[in-house]
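For the record, the sequence lines run as chains L and S. The first sequence finishes on residue 191 if you use this note's numbering, and the numbering steps up by one all the way, no holes. The second sequence finishes on residue 382 if you use this note's numbering, and the numbering steps up by one all the way, no holes. A short worksheet on the structure shown next.
Protein chains: 2
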Amino acid sequence: MPTSTTKRDDILDSALTLFAERGFDATTIPMIANDAKVGAGTIYRYFANKEVLVNTLFQHYVTLFKEALEKDYPEGTGIREQFHHLFQGMIRFTNEHDHALYFIKTHTSAYFLDAESREQFGHLLMILENFFEAGKQQGQIRELPSKALIAIIFGGFLQLYQLIRVGELEASAELLAGVEESCWDAVRHHA
Amino acid sequence: MPTSTTKRDDILDSALTLFAERGFDATTIPMIANDAKVGAGTIYRYFANKEVLVNTLFQHYVTLFKEALEKDYPEGTGIREQFHHLFQGMIRFTNEHDHALYFIKTHTSAYFLDAESREQFGHLLMILENFFEAGKQQGQIRELPSKALIAIIFGGFLQLYQLIRVGELEASAELLAGVEESCWDAVRHHA
DNA sequence: TTTATAGGAATGAATATTCATTCCGTTTTT
DNA sequence: AAAAACGGAATGAATATTCATTCCTATAAA
Chain L
1 MPTSTTKRDD ILDSALTLFA ERGFDATTIP MIANDAKVGA GTIYRYFANK EVLVNTLFQH
61 YVTLFKEALE KDYPEGTGIR EQFHHLFQGM IRFTNEHDHA LYFIKTHTSA YFLDAESREQ
121 FGHLLMILEN FFEAGKQQGQ IRELPSKALI AIIFGGFLQL YQLIRVGELE ASAELLAGVE
181 ESCWDAVRHH A
Chain S
192 MPTSTTKRDD ILDSALTLFA ERGFDATTIP MIANDAKVGA GTIYRYFANK EVLVNTLFQH
252 YVTLFKEALE KDYPEGTGIR EQFHHLFQGM IRFTNEHDHA LYFIKTHTSA YFLDAESREQ
312 FGHLLMILEN FFEAGKQQGQ IRELPSKALI AIIFGGFLQL YQLIRVGELE ASAELLAGVE
372 ESCWDAVRHH A
């Protein structure tokens, strides 16, 4: 076992960035080692193989994201406020963990995800489905399948964040507020 | 030069499917050859290498998609009708060319795209930007950067179509109409 | 009409390259 | 000094690409 946990974290950080930018298959172990400033062999001291590494990363960030959404969730309040909480959670999470959401999204249906990763991701979807189902019952959310509503919000938001990451847009408070409003209008029930 | 154009098309068809399903890096030339029922070497009679193949494919479908959006565009009409045209164009294109839009989307910022591919994609964005810019000037479209509006629509739509392709949702007329309405509400100016 | 021949197209085994993983000598920690 | 952690060259498997050979098809000679 390693003395400090620094190298393991360095490896995970580099892997996250590279997997998000180039994808799993286009990212080589030597690339990760180089970026993390460790020897290629060192990676195998911490992770049995490349798939274990990517699954560890995936589960780690899915869990963090779930926590970001659930933390301080305003249970008894209005649906718009709950939506705001979830949306802010996405933004906060994205700011704190630069490439994480994009990594999750682009690897969500990858062939190398193990059962545990898929299950964790299922939990995440459940949180969002519950929100939309409740909203539809109250007549406050558009009558579309929850899966579709989630896809619209997530797809749109992540596509947008890609532009921000690439530098084509700046993540100003004004822009983000506008995007939240746009997403809300996409899912809410209109009179 | 080949006697018929069949093999080249077979190769392109197989490559499209496999690139869309597995991604560029996880798709091997022998896989493509096998799926297209040609020898691996045959692929190199038509395409100098794997990157030329993927760029050819990318440019081909970006061009087709541009045409689908521009064909019969209702120039002098209302903005909602124009939006409908563009949205229907997306749907029609997706139905006609099963994996094409998803392939385009997932490979849009890939490291192996050449200058020509990037430029073609730029043209495509321009069509949509022009639409949104005009709409904002008329006060009919939400005041957000056009790039952001495009990201929201495209990201959402494509994420949704992924669910359909995977079989989690059915592409009924009702669903599609609802999604169009949702997307429209996302981008339109609200009083 | 049949047979020969040329030349492009197709093939897939052989080669070159890339990459995940292992191994072992060196360095660091205890 | 012993044990653990490291680095990075070495290994072997997988993959892109090449190329010598075979297969077609079309034209021409008989």
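Every residue, glycine too, gets a C-beta built ideally from N, C-alpha and C.
Since Asp-147 (chain L) meets chain S, which of its residues come closer than 9 Å, beta carbon to beta carbon?
Along the first sequence, one-based indexing puts residue 147 (chain L) at 147. Before going on, a small fix: residue 147 (chain L) reads as Lys here, not Asp. The contacting residues are Leu-351, Leu-354, Glu-359 and Leu-360.
Between which residues of its own chain and Leu-360 (chain S) is the CB-CB distance below 6 Å, once the five residues before and five after are set aside?
The residue given as residue 360 (chain S) occupies position 169 in the second sequence. These residues qualify, in order along the chain: Leu-354.
Tell me which residues share the same chain as Thr-194 (chain S) and place their Cβ nearer than 8 Å to its Cβ, disregarding the 5 neighbours each side in the sequence.
For the purposes of this step, residue 194 (chain S) is taken as residue 3 along the second sequence, with counting starting at 1. Residue placement at Thr-194 (chain S) cannot be trusted, given a pLDDT of 35 that sits under 50; what the coordinates show is reported in the next sentence. So no residue of the chain qualifies.
If you run the structure through DSSP and keep just helix, strand and coil, what is Arg-142 (chain L)?
Taking the first sequence and counting its residues from 1, one reaches residue 142 (chain L) at position 142. If DSSP states are grouped into helix, strand and coil, Arg-142 (chain L) belongs with coil.
Quick one: is Tyr-302 (chain S) near chain L, going by C-beta distance under 8 Å?
On the second sequence, residue 302 (chain S) is found 111 positions in, with the first residue counted as 1. In terms of beta-carbon proximity, Tyr-302 (chain S) lines the interface with chain L, with at least one pair separated by less than 8 Å.
Closest Cβ-Cβ distance between Asp-216 (chain S) and chain L: below 8 Å?
Counting from one through the second sequence, the residue named residue 216 (chain S) turns up at place 25. Interface residue, yes.
Minimum length 4: unbroken alpha helix (DSSP H) runs contained in the region 214 to 266 of chain S:
Runs of the alpha helix (DSSP H) spanning 4 or more residues and lying entirely within the region 214 to 266 of chain S occur at 220 to 227, 231 to 237 and 241 to 261, in chain order.
Backbone CA spacing between Ser-363 (chain S) and Pro-145 (chain L) [nearest angstrom]:
Indexing the second sequence from 1 puts residue 363 (chain S) at position 172. Indexing the first sequence from 1 puts residue 145 (chain L) at position 145. So the alpha carbons of these two residues sit roughly 12 Å apart.
Report yes if the CB atom of Pro-265 (chain S) is closer than 8 Å to the CB atom of Glu-272 (chain S), and no otherwise.
Residue 265 (chain S) sits at position 74 when you count from the first residue of the second sequence. Residue 272 (chain S) sits at position 81 when you count from the first residue of the second sequence. Result yes, Cβ atoms of Pro-265 (chain S) and Glu-272 (chain S) sit closer than 8 Å.
Just to confirm my understanding: we take His-275 (chain S), look at its own chain, exclude 5 residues before and 5 after, and list those with CB closer than 6 Å. What are they?
Counting from one through the second sequence, the residue named residue 275 (chain S) turns up at place 84. Once the five neighbours on either side are set aside, His-275 (chain S) has no close Cβ partner at all.
Using 10 angstroms around the beta-carbon of His-200 (chain L), count the other beta-carbons present and answer buried if the total reaches 16, otherwise exposed.
An answer regarding residue 200 (chain L) cannot be provided, because it is not within the stretch 1 to 191 covered by chain L.
Rank L:Thr-28, L:Ile-153 and L:Glu-174 by C-alpha distance to the C-alpha of Leu-86 (chain L) and give the top, closest one.
Residue mapping note: residue 86 (chain L) aligns to position 86 of the first sequence, counting from 1. With distances taken between Cα atoms, Leu-86 (chain L) lies closest to L:Ile-153.
From the beta carbon of Met-1 (chain L), is the nearest beta carbon of chain S less than 8 Å away?
What you label residue 1 (chain L) is simply residue 1 of the first sequence in a count that begins at 1. Legend: pLDDT at Met-1 (chain L) = 41, less than 50; position of this residue unreliable, no value from coordinates given.
Terminal residues of the alpha helix (DSSP H) in which His-298 (chain S) lies
Locating residue 298 (chain S) in the second sequence gives position 107, counting from the first residue. 291 to 298 is the extent of the alpha helix (DSSP H) around His-298 (chain S).
Say whether chain S places a C-beta atom closer than 8 Å to the C-beta of Ile-79 (chain L).
Here residue 79 (chain L) is taken as the residue at index 79 of the first sequence, counted from 1. So no, Ile-79 (chain L) is outside the interface.
Along chain L, in chain order, which residues have C-beta atoms closer than 7 Å to that of His-381 (chain S)?
In the second sequence, residue 381 (chain S) corresponds to position 190, counting from 1. Neighbours of His-381 (chain S) on chain L, chain order: Asp-185.
Should Ala-177 (chain L) go down as buried or exposed, given a rule of 16 or more other Cβ atoms within 10 Å for buried?
Taking the first sequence and counting its residues from 1, the one referred to as residue 177 (chain L) is at position 177. With fewer than 16 other Cβ atoms within 10 Å, it is exposed.
6 Å Cβ shell around Thr-208 (chain S) - same chain, five flanking residues per side excluded:
Counting from one through the second sequence, the residue named residue 208 (chain S) turns up at place 17. Only His-290 meet the Cβ criterion.
Determine the chain S residues that contact Phe-154 (chain L) at a beta-carbon separation under 7 Å, and present them in chain order.
Along the first sequence, read from residue 1 onward, the residue named residue 154 (chain L) stands at position 154. Chain S residues near Phe-154 (chain L): Gln-350.
Considering only the alpha carbon of each residue, which of L:Gly-76, L:Ile-141 and L:Val-166 lies closest to Ser-373 (chain S)?
Position 182 of the second sequence holds residue 373 (chain S). That would be L:Ile-141, whose Cα lies nearest to the Cα of Ser-373 (chain S).
For Ser-109 (chain L), count the other beta carbons within 10 Å of its own beta carbon; 16 or more makes it buried, fewer makes it exposed. Which is it?
On the first sequence, position 109 is the one that residue 109 (chain L) refers to. Ser-109 (chain L) is exposed by the Cβ-count criterion.
With a threshold of 8 Å between beta-carbons, can Gly-178 (chain L) be considered close to chain S, or not?
Position 178 of the first sequence, counting from 1, holds the residue named residue 178 (chain L). Yes, Gly-178 (chain L) lies at the interface with chain S (some Cβ there is under 8 Å from its Cβ).
Just tell me which of L:Leu-69, L:Met-31, L:Tyr-111 and L:Asn-49 has its CA closest to the CA of Ile-91 (chain L).
Here the question's residue 91 (chain L) lines up with position 91 in the first sequence. For the residues L:Leu-69, L:Met-31, L:Tyr-111 and L:Asn-49, the minimum Cα distance to Ile-91 (chain L) belongs to L:Leu-69.
Exposure of Val-357 (chain S), with buried meaning 16 or more beta-carbon neighbours within 10 Å:
The residue you call residue 357 (chain S) lines up with position 166 of the second sequence. Exposed, because fewer than 16 other Cβ atoms sit within 10 Å of the Cβ of Val-357 (chain S).
Less than 8 Å between CB atoms is the rule here; does Leu-335 (chain S) satisfy it with respect to chain L?
Numbered from its first residue, the second sequence carries residue 335 (chain S) at position 144. Leu-335 (chain S) counts as touching chain L.
Taking the alpha-carbon of Val-370 (chain S) as reference, which of S:Gln-350, S:Leu-203 and S:Val-245 has the nearest alpha-carbon?
Residue numbering aside, residue 370 (chain S) sits at position 179 when the second sequence is read from its first letter. That would be S:Gln-350, whose Cα lies nearest to the Cα of Val-370 (chain S).
Are three or more beta carbon pairs between the region 313 to 332 of chain S and the region 113 to 127 of chain L nearer than 8 Å?
With a cut-off of 8 Å, the region 113 to 127 of chain L and the region 313 to 332 of chain S do not count as touching, because too few Cβ pairs lie within range.
Could you check if Tyr-302 (chain S) is buried or exposed, using at least 16 other CB atoms within 10 Å of its CB as the buried criterion?
Taking the second sequence and counting its residues from 1, one reaches residue 302 (chain S) at position 111. When all chains shown are included, Tyr-302 (chain S) counts as exposed.
Throw me the rounded Cβ distance for the Ser-205 (chain S) and Ala-231 (chain S) pair, which I believe falls under 8 Å.
By 1-based counting over the second sequence, the position of residue 205 (chain S) is 14. By 1-based counting over the second sequence, the position of residue 231 (chain S) is 40. Contact doesn't hold; Cβ gap of about 12 Å is too wide.
Return the residues of the region 7 to 23 of chain L that lie within a Cβ-Cβ distance of less than 7 Å from chain S, sorted by chain order.
Arg-22 and Gly-23
Segment limits, alpha helix (DSSP H) that includes Ala-171 (chain L)
Position 171 of the first sequence, counting from 1, holds the residue named residue 171 (chain L). Premise fails: Ala-171 (chain L) is in no alpha helix (DSSP H) and is neither H nor E.
At a CB-CB cut-off below 9 Å, which residues of chain L make contact with Leu-366 (chain S)?
Your numbering for residue 366 (chain S) matches position 175 in the second sequence. Chain L residues near Leu-366 (chain S): Leu-144, Pro-145 and Ala-148.
Identify the contact partners of Gly-342 (chain S) in chain L, using a Cβ-Cβ distance below 8 Å as the criterion.
Taking the first residue of the second sequence as 1, we reach residue 342 (chain S) at position 151. In the sequence as presented, Gly is not what sits at residue 342 (chain S); that position holds Ala. The answer, in chain order, is Gly-156, Gln-159, Leu-160, Gln-162 and Leu-163.
Check whether the Cβ atoms of Thr-42 (chain L) and Ala-33 (chain L) sit closer than 8 Å, and answer yes or no.
Within the first sequence, the letter at position 42 stands for residue 42 (chain L). Within the first sequence, the letter at position 33 stands for residue 33 (chain L). Contact: yes.
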